[in-house]
Amino acid sequence: MRPPATSAPVLATTRRDLAAARAGLAAPVVLVPTMGALHAGHRALIRAAGTVAGRAGSVIVSIFINPLQFRPAEDLDRYPRSLDDDLAMCAAEGVRAVFAPTAAEMYPGGRPEVTVDPGPMGQVLEGEFRPGFFRGVLTVVLKLFHLARPDIAVFGDKDAQQLALVRRMVSDMDLGITIKSVPTVRDADGLATSSRNSYLTPGARAQALAIPRALHAGGARAAEGAQAVLAAARHVLLAEPGLATDYVAVVDPATFTPVGPGHAGPALLVAAATAGTTRLIDNVSVMLAGPDTEGHPRDAADH
Ligand code: AMP
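Numbering (my numbering), first residue to last: 1030 to 1332.
1. Any heavy atom of the ligand AMP closer than 8 Å to the CB of Thr1213?
2. Report back the beta-carbon spacing between Ala1333 and Ala1193 to the nearest angstrom; my notes put them in contact at under 8 Å.
3. For Ile1240 and Thr1063, what's the separation of their Cα atoms in angstroms?
4. How about Val1277 and Ala1262: are their beta carbons less than 9 Å apart?
5. Mapping DSSP to helix, strand and coil, what is Thr1080?
6. Quick one: grab the DSSP three-state call for Gly1247.
7. Spatial neighbours of Leu1171 within its chain, please: CB distance less than 6 Å, with the 5 preceding and 5 following residues excluded, ordered by chain position.
8. For the alpha helix (DSSP H) containing Met1135, name the first residue and the last one.
9. Nearer than 8 Å: is that true of the beta carbon of Val1081 relative to any heavy atom of the ligand AMP?
10. When DSSP labels each residue in this structure, what does Asn1226 get in the three-state scheme?
11. If you draw a straight line from the alpha carbon of Glu1155 to that of Gln1256, how long is it in whole angstroms?
12. With a 10 Å radius around its C-beta and 16 neighbouring C-beta atoms as the bar for buried, classify Gly1079 as buried or exposed.
13. Suppose the cutoff is 7 Å on Cβ atoms and the five residues either side in sequence are ignored; what does the same chain contact list for Ala1003 look like?
14. Would the beta-carbon of Leu1335 be found less than 8 Å away from any heavy atom of the ligand AMP?
15. Within 8 Å, do at least three Cβ pairs link the stretch 1096-1108 to the stretch 1199-1218?
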């Protein structure tokens, strides 16, 4: 593990502060973009960033609740905020700089007119259920990349479609930044850690546990093919009547299009569902062994 820094991270709230802090950082500079309310999943990203930065390099954590990726009916106003605790975690993990700008600092001209078009991968699954979401995400990530100028940036497998889109943006736009990913961190009961888990009542949390259970049940059928994986996951989700499922699908990890019934090789089982008032997403990777036994001709997606 990376030793704690000898001093607390610099807290930069303006782009000017960040530029000044960035000028003093030794390469490689590794950025961990977050929306704050840091939890064990973020800690894993920060530790991975520390490992790739090495003793000589530097980690920057950004904390910014990006209004561009929230629709009016979503939880922008009540999204959890805990800057003091976040700074304490960053200090304990040896982070050199924390960039925590206001919305006015990030978007001094108001909502940007020029934004990043996420392309076809941004229209499906999360993109379908949260119109404009990935445009907002990629636009802020690109801005953060320009402001922090990292050599490497770290993202979580938990938000697999976002990770795939960031990789695609880096490649399509020749950004020259290495993207590292970190496996999903889960609580002891299997639920993926998330800042939004704090919204869950005990009852809603019990319902939400059907999501990791469904992913586990699906993953256990990988040897039988995509249709079997999907059917097993759906079965578990449908058995939890309190849960409103947006989608469950078996997709190609690079494109997020559903894999065909006979597909063999790596795939992702992805799901999104609302427990109580809290919308959650999760995924697991599955290694599909070949055509499923029944060979239904439909796509391995279910809406
Ligand atoms: P957020 O603050 O929710 O925007 O997440 C910031 C980063 O942390 C993203 O790259 C997420 O994928 C990652 N992340 C969030 N939750 C987890 C988790 N449970 N395990 C691993 N990474 C996570």
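Idealized CB from N, CA, C, for every residue including glycine. All values derive from a computational prediction rather than experimental measurement.
In terms of the structure at hand:
1. What you label residue 1213 is simply residue 184 of the sequence shown in a count that begins at 1. Thr1213: yes, Cβ under 8 Å from the ligand AMP.
2. Any question about residue 1333 goes unanswered here, given that the chain covers just 1030 to 1332.
3. Taking the sequence shown and counting its residues from 1, the one referred to as residue 1240 is at position 211. Taking the sequence shown and counting its residues from 1, the one referred to as residue 1063 is at position 34. Cα to Cα, Ile1240 sits roughly 23 Å from Thr1063.
4. Sequence index remark: in the sequence shown, residue 1277 carries index 248 (1-based). Sequence index remark: in the sequence shown, residue 1262 carries index 233 (1-based). In this structure, Val1277 lies near Ala1262, with their beta-carbon atoms less than 9 Å apart.
5. Reading the sequence shown from its first residue, position 51 is the one you call residue 1080. Residue state, collapsed to three classes: helix.
6. In the sequence shown, residue 1247 corresponds to position 218, counting from 1. Helix, per DSSP.
7. Taking the first residue of the sequence shown as 1, we reach residue 1171 at position 142. Closer than 6 Å at the Cβ level, and outside the excluded window around Leu1171, lie Val1145.
8. The residue given as residue 1135 occupies position 106 in the sequence shown. Where Met1135 is concerned, the enclosing alpha helix (DSSP H) stretches over Ala1132 to Met1135.
9. As a working mapping, residue 1081 is identified with position 52 in the sequence shown. No.
10. Your numbering for residue 1226 matches position 197 in the sequence shown. Here Asn1226 sits in helix by DSSP.
11. Taking the sequence shown and counting its residues from 1, the one referred to as residue 1155 is at position 126. Taking the sequence shown and counting its residues from 1, the one referred to as residue 1256 is at position 227. Going from the Cα of Glu1155 to the Cα of Gln1256 covers about 21 Å.
12. Counting from one through the sequence shown, the residue named residue 1079 turns up at place 50. Gly1079 should be labelled buried.
13. Beyond the ends of the chain as shown, which are 1030 and 1332, falls residue 1003; an answer cannot be given.
14. Because the chain in this structure spans residues 1030 to 1332, residue 1335 falls outside the shown range and cannot be described.
15. By the Cβ criterion, the stretch 1199-1218 is not in contact with the stretch 1096-1108, since fewer than three pairs of Cβ atoms, one from each stretch, lie closer than 8 Å.
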